[in-house]
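J.:
In this note's numbering, the protein residues as written are 18 to 236.
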């Protein structure tokens with residue numbers, strides 16, 4: 018019992034902007050035009066006897082609701098996507114290098130280099146900064162959310178796996194399901210590299226936010 022698609026547009030509300038972390042390979046995919054969506058774990062996850070359901074309100078699609086067992090029936094809780102609604106912006110945080118000047122904090126005046134651009138061996142005077150520490154002014158990519166929906170991660174289609182940034186000619190280490198297309202295996206491996214250690218591996222097929230976007234370069 019879950020919704021296949023969730024789309025929201027509120028023309029009269031104030032659009033919001035939030036940060037989102039992307040790995041270096043995924044930043045490259047965005048810049049190359051290969052990545053137009055991302056999947057993020059829903060927290061909290063439904064219990065084994067709980068479920069997620071999309072509800073309609075006043076003729077429009079609303080956010081999903083999480084149902085967990087209660088003494089009588091189920092307890093209902095509206096779920097809000099922490100990454101925003103359609104029309105909101107996400108500014109990408111990525112690993113970067115900055116030329117540190119003695120005694121001066123990070124500022125827009127300091128030269129930057131992004132790890133996704135390569136050629137990092139020559140950056141002797143630069144300090145590496147993890148993506149989590151990237152300030153807004155250093156971000157060069159803004160993403161406009163075009164769609165949000167909810168599904169289990171194993172429900173990903175071949176088309177969506179391609180839109181997740183699968184590189185052409187990628188080498189695939191197969192999962193147990195050998196009948197799935199190679200691009201699905203690529204995504205499953207990518208997913209596990211980011212989420213398996215946190216307890217949200219491909220094998221348990223966690224519920225995820227599926228966020229589609231239009232990339233817009235900032236710099």
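Note that beta-carbon positions come from the ideal geometry of N, C-alpha and C, so glycine has one too. This one's a predicted model, so the numbers in the text were calculated from it and none came from an experiment.
Are residue 103 and residue 164 touching if we call contact CB-CB under 8 Å?
T.: The sequence position of residue 103 within the chain shown is 86, counting from 1. The sequence position of residue 164 within the chain shown is 147, counting from 1. Result yes, Cβ atoms of residue 103 and residue 164 sit closer than 8 Å.
J.: For the candidate residues 233, 230 and 226, whose alpha-carbon lies nearest to that of residue 61?
T.: The residue given as residue 61 occupies position 44 in the chain shown. Checked all of 233, 230 and 226; the closest Cα to residue 61 is 226.
J.: Among the candidates 142, 36, 222 and 168, whose CA atom is the shortest distance from the CA of residue 101?
T.: Numbered from 1 along the chain shown, position 84 holds the residue referred to as residue 101. Nearest of 142, 36, 222 and 168 to residue 101, Cα basis: 36.
J.: Which of the three DSSP states is assigned to residue 42 in this structure?
T.: Here the question's residue 42 lines up with position 25 in the chain shown. Three-state DSSP puts residue 42 in a helix.
J.: Since residue 108 is in the beta strand (DSSP E), which residue starts that stretch and which ends it?
T.: The sequence position of residue 108 within the chain shown is 91, counting from 1. Residues 106 to 110.
J.: Can you tell me the Cα-Cα spacing of residue 229 and residue 149, whole angstroms?
T.: Residue numbering aside, residue 229 sits at position 212 when the chain shown is read from its first letter. Residue numbering aside, residue 149 sits at position 132 when the chain shown is read from its first letter. Computed Cα separation, rounded: 22 Å.
J.: Residue 200 lies in the alpha helix (DSSP H); which residues open and close that run?
T.: As a position in the chain shown, residue 200 is number 183, starting the count at 1. Counting along the chain, the alpha helix (DSSP H) containing residue 200 begins and ends at 199 to 212.
J.: Can you tell which of 138, 132 and 143 has the C-alpha that lies nearest to the C-alpha of residue 115?
T.: The residue given as residue 115 occupies position 98 in the chain shown. Of the candidates 138, 132 and 143, the one whose C-alpha sits nearest the C-alpha of residue 115 is 143.
J.: Between residue 2 and residue 223, what straight-line distance do the alpha-carbon atoms span, to the nearest angstrom?
T.: Because the chain in this structure spans residues 18 to 236, residue 2 falls outside the shown range and cannot be described.
J.: Just checking, does the segment 130 to 147 make contact with the segment 165 to 177 on the three C-beta pairs under 8 Å criterion?
T.: With the cut-off at 8 Å, the segment 130 to 147 and the segment 165 to 177 do not touch.
J.: From the DSSP output, in three-state form, read off residue 153 for me.
T.: Numbered from 1 along the chain shown, position 136 holds the residue referred to as residue 153. Correct three-state label for residue 153: helix.
J.: Let me make sure I understand the geometry here. Which of 112, 214, 199 and 181 has the alpha-carbon closest to that of residue 135?
T.: As a working mapping, residue 135 is identified with position 118 in the chain shown. Nearest of 112, 214, 199 and 181 to residue 135, Cα basis: 112.
J.: Just curious, the beta strand (DSSP E) that residue 145 is in, first and last residue?
T.: For the purposes of this step, residue 145 is taken as the residue at position 128 of the chain shown. Here the beta strand (DSSP E) through residue 145 covers 143 to 146.
J.: In whole angstroms, give me the CA-to-CA distance for residue 32 and residue 168.
T.: The sequence position of residue 32 within the chain shown is 15, counting from 1. The sequence position of residue 168 within the chain shown is 151, counting from 1. In a straight line, the C-alpha of residue 32 is about 25 Å away from that of residue 168.
J.: Enumerate in chain order the residues of its own chain whose CB-to-CB distance from residue 214 is below 7 Å, with the five nearest sequence positions on each side excluded.
T.: Within the chain shown, numbered from 1, the residue matching residue 214 stands at position 197. Same-chain partners within the cutoff: there are none.
J.: Do residue 158 and residue 200 count as a contact pair if the criterion is CB distance below 8 Å?
T.: Along the chain shown, one-based indexing puts residue 200 at 183. Along the chain shown, one-based indexing puts residue 158 at 141. The answer is no: Cβ separation not under 8 Å.
J.: With a threshold of 16 other CB atoms inside 10 Å of the CB of residue 221, please say whether the residue is buried or exposed.
T.: On the chain shown, residue 221 is found 204 positions in, with the first residue counted as 1. When all chains shown are included, residue 221 counts as exposed.
J.: Hey, how far is the Cα of residue 105 from the Cα of residue 56?
T.: As a first step, residue 105 must be located in the chain shown, where it is residue number 88. As a first step, residue 56 must be located in the chain shown, where it is residue number 39. Near 16 Å, if we compare the C-alpha coordinates of residue 56 and residue 105.
J.: If I measure Cβ to Cβ from residue 44 and keep anything under 6 Å in the same chain, skipping five residues before and after, which residues do I get?
T.: One-based indexing of the chain shown puts residue 44 at position 27. 111 and 133, listed in sequence order.
J.: In whole angstroms, give me the CA-to-CA distance for residue 206 and residue 48.
T.: For the purposes of this step, residue 206 is taken as the residue at position 189 of the chain shown. For the purposes of this step, residue 48 is taken as the residue at position 31 of the chain shown. Cα-Cα distance, rounded: 22 Å.
J.: Roughly how far, in whole angstroms, is the beta-carbon of residue 129 from the beta-carbon of residue 145, given that I think they are within contact range, below 8 Å?
T.: As a position in the chain shown, residue 129 is number 112, starting the count at 1. As a position in the chain shown, residue 145 is number 128, starting the count at 1. Not really, about 12 Å apart at Cβ, beyond 8 Å.
J.: Is it the case that the Cβ atoms of residue 54 and residue 181 are separated by a distance below 8 Å?
T.: Within the chain shown, the letter at position 37 stands for residue 54. Within the chain shown, the letter at position 164 stands for residue 181. Yes, the pair counts as a contact, with Cβ atoms nearer than the cut-off.
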